[in-house]
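See below for the structure under consideration.
Residue numbers (our numbering), protein chains in the order written: chain Y, 1372 to 1904; chain U, 2 to 322.
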């Protein structure tokens, strides 16, 4: 075991160099680092939010709201489709996620079912008929329309993807430094903004759905009807923002929606001088808006944001240019916020904050300092203890192994860009403590063998070979624990597990190979009769 | 190059110990059993002090420096917001308070926190600062709790399987008994000192499991070896011998680990204190259990000393009888 085979020397030398080279960027000042040529590794330890300061938000797409909205739209789609083909129907309603409708003419039931199969819902890969709704015929000329089970999943996945894009656009325009926005599980989004100690600002822009629609006001409804709650099907009563205008009854079907905006800015109204939001439609939106305004001159349309009416101006003439302004009870700030939200698009569904954590930058710096001090203290204690236990030579060898171990951990963490967290530092300290365990096992074994009367070289050799299986058993168990922590842990626990796993590998490597090599060299040089431990 | 002199600690730790551990096994088993039962009771009543990771809700520090915090006003403001389980306690200096509250059922954790902050800002007046505000919704906290428990159970299960395959079933049982003992006692410790049970605590517990296993494996490894070596020796004596032989390693590794963690407990600050104290306790218990729980259980169960695996080992003159 103590033979110095060439591959061992090469492996150890390479890994020591590797450790040093990749640890270096963490020690050198940024200025020196910038001056170095491009091929030099420059990746530093990736500090977690708890060490750097920053905000963490875990948001969940409100899939229930998404479902409700899709159902409402589906009811309206059924109504328009049947009306469009002049199929008489009655009793259209939704209950428990199933829409039912009674077709008046028994002869037209099949026709209606076929029509709906082709016209409502949206395409879905792998579903019957390729759409995400199923239409079933029941007794009494009833049709039942419902979403297929896969639809909810597909909707959620799509909504999360769309939300991530929207959030990214919104945060980008805020100028927050490099946030990471990632998807988690089926319907969750994680936003991490390092250095941002006030998540309220983030939440203010992220949290708004910003769903803008232009809907016609249903002027057939009198104030008395409204008070009595007599709202015709296909219309709905919406509250107005801050009581600026009274509640209105509007048509559920939107004339145009915010999806068709290409741009929006905060400007001032040329007549009143009030802050307003100006917008431009894309081609399709401009056409729809132009048609609707041309047909409804003299009537009112409502500008609806997140189910609240901002304002309800009277249409004075056809608006065909594809641009317009939104007036309302705005301040310059709120107008520019609305403009930003409209520019970056609506969220497909509301987002709920499920988890929110903040660490101040100052506290992060304190944590780094505390972590560094405790690591140093741990290191010194271990060094002193090992030197006292095993003497300058063997103790010294394990200390050298420990130092190499440290650089290798830092190097591995820097390359993999694994996040170092506060518990991760604890993992590092524990690794240092347990790293010497392999050395202790080897040395104790050597002592045993020496006591049993073996020659120095035999004892040293047996120390390594016979401690091996124990070392492997002992470290595999730690690795199992770390693996489980990584699989089930969240955030900081994962960081801890990652540091621990890297530490297991590097410590076994250094304790076994590096110290073996060093002891082998010493044996060659000193040719001892007796082991000095 | 002459051989260096013997070093102080080597003398301090006797080279060869002959403690008769097994003799005290009954007494220790009794003590362990009492502590395990007490810890188990403690886990149910008064129960774990769950942090917001697992219970849900919000926590933050409120600072009105240089003025002292009006704790009563903070409490009444939060209660007026309709928040349940409001806890307000002085924290360090008089100008700081630690505030916790639950998110109302069906509420949005983030919105609740924002509203609470706004209300406090109004009632306390300037200057007021909110340090490290965090909120965890009930859904997430439930999931975290479940996955924490699953992680602990899975860790024990996998360790058991590993030992079973590497050693023999009896060893596996002994090791798992030791693990459970350490885990339960550590839970008892957490309850006794009202240490907050959070994600970090679960990480500490998993580490304790890993360490305790590590320690047990080293003793078992030697035990297995000695069982093959000394076929005629009574089981109790083989166990004693194996523990004695590995004792210096057990102590050295345990002491270095505890010293390193003690540094962390002292210098790691508030955030890591609980975490490191739990680990220190766990390592101490883990060391104890590998001597007094794992091995004695093997004594109780007996072990198959298979002849089929026997390979005669030539021993040197100075070897043990």
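Note that the Cβ used here is the ideal one computed from N, Cα and C, for glycine as well.
List the residues of chain U that residue i touches, going by C-beta distances under 8 Å, in chain order.
i              : result
residue 1582/Y : By Cβ distance, chain U contributes nothing, its closest Cβ being about 18 Å from residue 1582/Y, past 8 Å.
residue 1571/Y : 115 and 118
residue 1734/Y : 132 and 133
Please decide whether residue i counts as near chain Y, where near means a Cβ-Cβ distance under 8 Å.
i             : result
residue 203/U : yes
residue 277/U : yes
residue 245/U : no
residue 66/U  : no
residue 178/U : no
residue 273/U : yes
residue 187/U : no
residue 1/U   : Here chain U comprises residues numbered 2 to 322, so residue 1/U is not present and cannot be evaluated.
residue 106/U : no
Quick one: list the residues of chain Y neighbouring residue i, beta-carbon separation under 7 Å, in chain order.
i             : result
residue 20/U  : Neighbours of residue 20/U on chain Y: none; closest Cβ ~16 Å, over 7 Å.
residue 134/U : 1729
residue 296/U : Neighbours of residue 296/U on chain Y: none; closest Cβ ~16 Å, over 7 Å.
Would residue i count as contacting chain U if we go by Cβ distances under 8 Å?
i              : result
residue 1705/Y : no
residue 1745/Y : yes
residue 1855/Y : yes
residue 1328/Y : Because chain Y in this structure spans residues 1372 to 1904, residue 1328/Y falls outside the shown range and cannot be described.
residue 1863/Y : yes
residue 1677/Y : no
residue 1752/Y : yes
residue 1437/Y : no
residue 1429/Y : yes
residue 1393/Y : no
residue 1892/Y : no
residue 1741/Y : yes
So what does DSSP say about residue i, is it helix, strand or coil?
i              : result
residue 1462/Y : strand
residue 1401/Y : helix
residue 293/U  : helix
residue 1587/Y : strand
residue 1517/Y : strand
residue 1430/Y : strand
residue 1729/Y : strand
residue 1679/Y : strand
residue 231/U  : coil
residue 133/U  : strand
residue 1439/Y : helix
residue 1901/Y : coil
residue 64/U   : strand
residue 322/U  : Model confidence at residue 322/U stands at a pLDDT of 40, short of 50, so the residue's coordinates are unreliable; what they give is reported in the following sentence. DSSP places residue 322/U in coil when its eight states are reduced to three.
residue 1553/Y : strand
residue 1343/Y : Since the first residue of chain Y shown is 1372 and the last is 1904, residue 1343/Y is not available in this structure.
residue 1785/Y : helix
residue 1692/Y : coil
residue 1618/Y : coil
residue 70/U   : coil
residue 1503/Y : coil
residue 316/U  : Any reading at residue 316/U must be qualified, since the residue scores a pLDDT of 46, below 50, and its modelled position is unreliable; the value itself is stated next. Residue 316/U: coil per DSSP, three-state reduction.
residue 84/U   : coil
residue 1722/Y : strand
Who are the neighbours of residue i on chain C, taking C-beta pairs under 8 Å?
i              : result
residue 1784/Y : This model lacks chain C altogether; the protein chains it does include are Y and U.
Closer than 9 Å by beta-carbon distance: list the chain U residues that pair up with residue i, in chain order.
i              : result
residue 1708/Y : Result: empty, since nearest Cβ-Cβ is about 16 Å, beyond 9 Å.
Using the beta-carbon of each residue, which ones in chain U are nearer than 7 Å to residue i?
i              : result
residue 1748/Y : 264 and 268
For residue i, go through chain Y and note every residue whose CB falls closer than 8 Å to its CB, in chain order.
i             : result
residue 109/U : 1723 and 1724
Scan the region 71 to 101 of chain U for residues whose Cβ lies nearer than 8 Å to a Cβ of chain Y and list them as they occur along the chain.
none
Residues of the region 1830 to 1851 of chain Y whose Cβ lies closer than 8 Å to any Cβ of chain U, in chain order
1840, 1841, 1844, 1845, 1846, 1847, 1848, 1849 and 1851
Closer than 7 Å, Cβ to any Cβ of chain U: which residues of the region 1784 to 1815 of chain Y, in chain order?
1793, 1794, 1797, 1800, 1801, 1803, 1804, 1805, 1807, 1808, 1811, 1812 and 1815
Segment contact, 8 Å Cβ cut-off, at least three pairs: the region 1646 to 1655 of chain Y with the region 1676 to 1694 of chain Y:
yes
Against chain Y, which members of the region 137 to 152 of chain U pass a CB distance test of less than 8 Å?
137, 138, 140, 141, 145, 148, 149, 151 and 152
Check distances from the C-beta atoms of the region 1584 to 1609 of chain Y to those of chain U and list, in chain order, the residues that come in under 8 Å.
none
When Cβ atoms are compared, which residues of the region 152 to 165 of chain U fall closer than 7 Å to chain Y?
152, 155, 156, 159, 160 and 163
Proximal residues, the region 217 to 232 of chain U versus chain Y, C-beta separation under 9 Å
217, 218, 219, 221, 222, 223 and 226
Validate contact between the region 1557 to 1568 of chain Y and the region 86 to 98 of chain U using beta carbons, cut 8 Å, 3 pairs
no
For the pair the region 136 to 146 of chain U and the region 1722 to 1733 of chain Y, tell me if three or more CB-CB distances fall below 8 Å.
yes
Counting pairs of Cβ atoms below 8 Å between the region 247 to 260 of chain U and the region 1795 to 1814 of chain Y, do you hit three or more?
yes
Looking at C-beta atoms only, is the number of pairs between the region 1708 to 1726 of chain Y and the region 1620 to 1634 of chain Y that lie closer than 8 Å three or more?
yes
Output, in sequence order along the chain, the residues in the region 1861 to 1889 of chain Y whose CB is closer than 8 Å to any CB in chain U.
1861, 1862, 1863, 1864, 1867, 1868 and 1871
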